[in-house]
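Each remark here refers to the structure printed beneath this line.
In the working numbering, the protein residues as written are -6 to 604.
Following this line, the structure appears as structure tokens:
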């Protein structure tokens, strides 16, 4: 069992030097990364001009999540809080599953930002030096061997910025974030000089791919990926000077500011499209990703105008194409290291990851691990577009806990002080849960293949490490179960759609589901009473993930040419599943020992106020 008194002792070692402005700019800096540089084109390729609606919807959905996190984060400010809160309300089993998913999303985000830096630089590096960092093939632009080496060097720079410590990090990031705000604003202002309104009404109309594509674009084109930085106000909350006030301002404020910038950027980019310069037929929205602008969308838009001022500003945009992704990359390296830090405090990872450097006062060993893991992703995924859907969806799974954990804390700790109290939570909490579950569904069948396969690897790892270590089950039996299930699970994925695709999907899904059910039942049988309680509290997340996977195959974003569940009926089914899972999650949460140890000794005479 995790040593509960370690939680507060370790958190107290973190240097609380981040001001509200620094915390806000950490969130803004995470949001304005490579997403805006690439997503304006990739999202347009999915949904055409209607992608503007996708940006607005995403901002609203993320705001629902941010509001739920704001209450929890101000009530219990913790470094790595997004990964740690599920442990407090649902126990170690769900906590490990969601932390594992966040770890996958965080590590790949660091890698994807390094990829963005290198890919945007590839053009001028080749011109100046003759060195090719990328190569064009049938599957698009990928890193060369030299490109991979340069990407590793970029990752090392992310590491160095973090290891100087949180005080330098906060001040340095604040200046970088100002730059990252100014350049996108100037970009859309200048692009409006060549605005062509016919791009919104001609060329297939406002929604040439249909309205279903508007929702698909949210999940797969980099839009939700761009907004995910909102969570950094929560994850760095343990290092804020006044977390009770600053977390809310950072989370909600960053979403609002960046939403305005992103919408105006998308409008300006679509208005600036020059089909001749793109090298594709007018109205061929799906062809944007294979166009001449694909590698440097906004720079190409500025350069194609032939206006000297816009072309000159394009040089600053190329500089920003290094600074924006780099700024996000080093933030996410620190964030993912803090995820490992939180997991280690809860016994999910070796205790070494909870060590705080005496001089730097940061979890440096976790940063080393994230650095190595992120670099490893350059081998199978040597390109920004190859990683974007997977990265977004693995992170979104973690957000499923945002709303239930708020409601569970309201029920089991009504007297705890809540500096920010979310009014209307009876409506906003289910909406927050639906925001996460629907984004996961809209990512589509192709993305969910990899997400389900890798996220559920957490189940055997739990049996092999965390469960026995915390005394939830005997080591020998759990080790045997985890080892056998791990081998069987991997073998099943090999013969499934990710591998040889030897089985019809329904047969593959039934086999995978039967394996998970069998593993869960055997794990429950060998667990202690507390272990069984943790398993019951986590079943909703596994069930929802598998159910959405099934619906995705037969829905509008699946592999069936004529889906059994066309849009919008497939989304309606997914929404019903999400609501069922939400109330299941709220009902299964309980007052864990870790939560009781973390609560401040204060009373709320009103108890739980009406939401």
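Just so it is clear, CB atoms sit at the ideal spot from N, CA and C, and this is done for glycine as well.
With distance defined between alpha-carbon atoms, name the residue in the options nearest to residue i.
i: residue 557; options: 544, 567 and 66; result: 544
i: residue 590; options: 78, 38 and 61; result: 78
i: residue 96; options: 137, 141, 239 and 326; result: 326
i: residue 387; options: 308, 305 and 444; result: 444
i: residue 547; options: 451, 498 and 276; result: 498
i: residue 452; options: 346, 143, 94 and 414; result: 94
i: residue 269; options: 248, 298, 107 and 329; result: 298
i: residue 375; options: 168, 56 and 105; result: 105
i: residue 461; options: 47, 332 and 516; result: 516
i: residue 234; options: 246, 416 and 71; result: 71
i: residue 479; options: 11, 380, 505 and 573; result: 505
i: residue 332; options: 225, 416, 570 and 316; result: 225
i: residue 280; options: 13, 491, 196 and 74; result: 196
i: residue 112; options: 27, 168 and 365; result: 27
i: residue 14; options: 492, 171 and 148; result: 171
i: residue 314; options: 74, 355, 86 and 115; result: 115
i: residue 282; options: 378, 358, 250 and 192; result: 378
i: residue 586; options: 117, 81 and 552; result: 81
i: residue 510; options: 187, 440, 249 and 449; result: 449
i: residue 572; options: 550, 514, 393 and 483; result: 393
i: residue 91; options: 334, 391 and 189; result: 391
i: residue 246; options: 267, 271 and 220; result: 220
i: residue 179; options: 409, 11, 302 and 335; result: 302
i: residue 616; options: 371, 346, 370 and 354; result: This structure cannot settle anything about residue 616, because the visible part of the chain is limited to -6 through 604.
What number of angstroms, rounded off, separates the C-alpha of residue i from the C-alpha of residue j?
i: residue 24; j: residue 241; result: 16 angstroms
i: residue 584; j: residue 44; result: 43 angstroms
i: residue 222; j: residue 102; result: 11 angstroms
i: residue 427; j: residue 208; result: 13 angstroms
i: residue 183; j: residue 254; result: 13 angstroms
i: residue 588; j: residue 181; result: 46 angstroms
i: residue 217; j: residue 321; result: 15 angstroms
i: residue 412; j: residue 238; result: 7 angstroms
i: residue 518; j: residue 525; result: 8 angstroms
i: residue 486; j: residue 175; result: 46 angstroms
i: residue 18; j: residue 467; result: 46 angstroms
i: residue 422; j: residue 140; result: 44 angstroms
i: residue 124; j: residue 381; result: 26 angstroms
i: residue 257; j: residue 542; result: 34 angstroms
i: residue 32; j: residue 344; result: 39 angstroms
i: residue 55; j: residue 469; result: 43 angstroms
i: residue 250; j: residue 16; result: 14 angstroms
i: residue 446; j: residue 481; result: 12 angstroms
i: residue 349; j: residue 155; result: 13 angstroms
i: residue 119; j: residue 135; result: 14 angstroms
i: residue 384; j: residue 434; result: 14 angstroms
i: residue 149; j: residue 364; result: 7 angstroms
i: residue 61; j: residue 415; result: 7 angstroms
i: residue 59; j: residue 252; result: 13 angstroms
i: residue 308; j: residue 30; result: 14 angstroms
i: residue 126; j: residue 260; result: 31 angstroms
i: residue 567; j: residue 117; result: 45 angstroms
i: residue 528; j: residue 121; result: 58 angstroms
i: residue 243; j: residue 438; result: 34 angstroms
i: residue 601; j: residue 317; result: Because residue 601 sits at a pLDDT of 40, beneath the cut-off of 50, its placement in the model cannot be relied upon, and the following sentence gives the value as read from the coordinates. Their backbone Cα atoms lie some 42 angstroms apart in a straight line.
Taking DSSP's pairing of strands, which residues face residue i in a bridge?
i: residue 571; result: Note: residue 571 sits in no beta bridge, so no partner.
i: residue 548; result: 558
Between residue i and chain D, is the shortest Cβ-Cβ distance under 9 angstroms, so that the two count as touching?
i: residue 138; result: Reference to chain D is not applicable here, since this structure consists of a single protein chain.
(request) Note down, one range per segment and in chain order, each alpha helix (DSSP H) of at least 4 residues found wholly within the stretch 409 to 486. (result) Runs of the alpha helix (DSSP H) inside the stretch 409 to 486: 418 to 435, 437 to 448 and 451 to 454.
(message) Please give the ranges of any beta strand (DSSP E) in the stretch 101 to 151, keeping only runs that are unbroken, at least 3 residues long and fully inside the region.
(response) 127 to 130 and 133 to 136, all fully within the stretch 101 to 151.
(message) Threshold first: 4 residues or longer. Then list the alpha helix (DSSP H) segments lying entirely within the stretch 364 to 408, N to C.
(response) 377 to 392 and 395 to 405, all fully within the stretch 364 to 408.
(request) Report yes or no: do the stretch 448 to 458 and the stretch 474 to 482 share at least 3 C-beta pairs separated by less than 8 angstroms? (result) For the pair of segments examined, the stretch 448 to 458 was found to touch the stretch 474 to 482: the number of CB pairs separated by less than 8 angstroms reaches three.
(request) Taking 8 angstroms as the threshold, find out whether the stretch 51 to 71 comes into contact with the stretch 276 to 292 through three or more Cβ pairs. (result) The answer is no - the stretch 276 to 292 does not touch the stretch 51 to 71, with fewer than three Cβ pairs under 8 angstroms.
(message) Under 8 angstroms: do the stretch 521 to 541 and the stretch 572 to 588 share three or more Cβ pairs, one atom per stretch?
(response) Taking a cut-off of 8 angstroms on C-beta distances, the stretch 521 to 541 touches the stretch 572 to 588, as three or more cross pairs fall below it.
(message) Does the contact criterion of 3 or more C-beta pairs under 8 angstroms hold for the stretch 48 to 55 versus the stretch 272 to 285?
(response) The stretch 48 to 55 is not in contact with the stretch 272 to 285.
(request) Mind listing, in chain order, the continuous beta strand (DSSP E) runs of no fewer than 3 residues lying wholly within the stretch 16 to 69? (result) Unbroken beta strand (DSSP E) stretches of 3 residues or longer found wholly inside the stretch 16 to 69: none.
(message) Three or more C-beta pairs under 8 angstroms: does that hold for the stretch 136 to 144 against the stretch 337 to 346?
(response) The way I'd put it, the stretch 136 to 144 doesn't touch the stretch 337 to 346; fewer than three beta-carbon pairs between them come closer than 8 angstroms.
(request) Evaluate the contact criterion for the stretch 35 to 44 versus the stretch 196 to 206: three or more CB pairs, one atom per stretch, below 8 angstroms. (result) A contact exists between the stretch 35 to 44 and the stretch 196 to 206.
(message) With three or more beta-carbon pairs closer than 8 angstroms as the criterion, would you say the stretch 428 to 440 touches the stretch 399 to 410?
(response) No contact exists between the stretch 428 to 440 and the stretch 399 to 410.
(message) So within the stretch 312 to 368, which uninterrupted alpha helix (DSSP H) runs reach at least 4 residues, ignoring any that extend past its ends?
(response) Segments of the alpha helix (DSSP H) lying fully in the stretch 312 to 368: there are none.
(request) Enumerate, from N- to C-terminal direction, the unbroken alpha helix (DSSP H) stretches of 4 or more residues contained entirely within the stretch 493 to 548. (result) Runs of the alpha helix (DSSP H) inside the stretch 493 to 548: 498 to 519 and 522 to 547.
(request) Write down every uninterrupted run of the beta strand (DSSP E) in the stretch 225 to 297 whose length is 3 residues or greater and which is fully enclosed by it, in chain order. (result) Every candidate beta strand (DSSP E) stretch fails here, since none sits fully inside the stretch 225 to 297 while reaching 3 residues.
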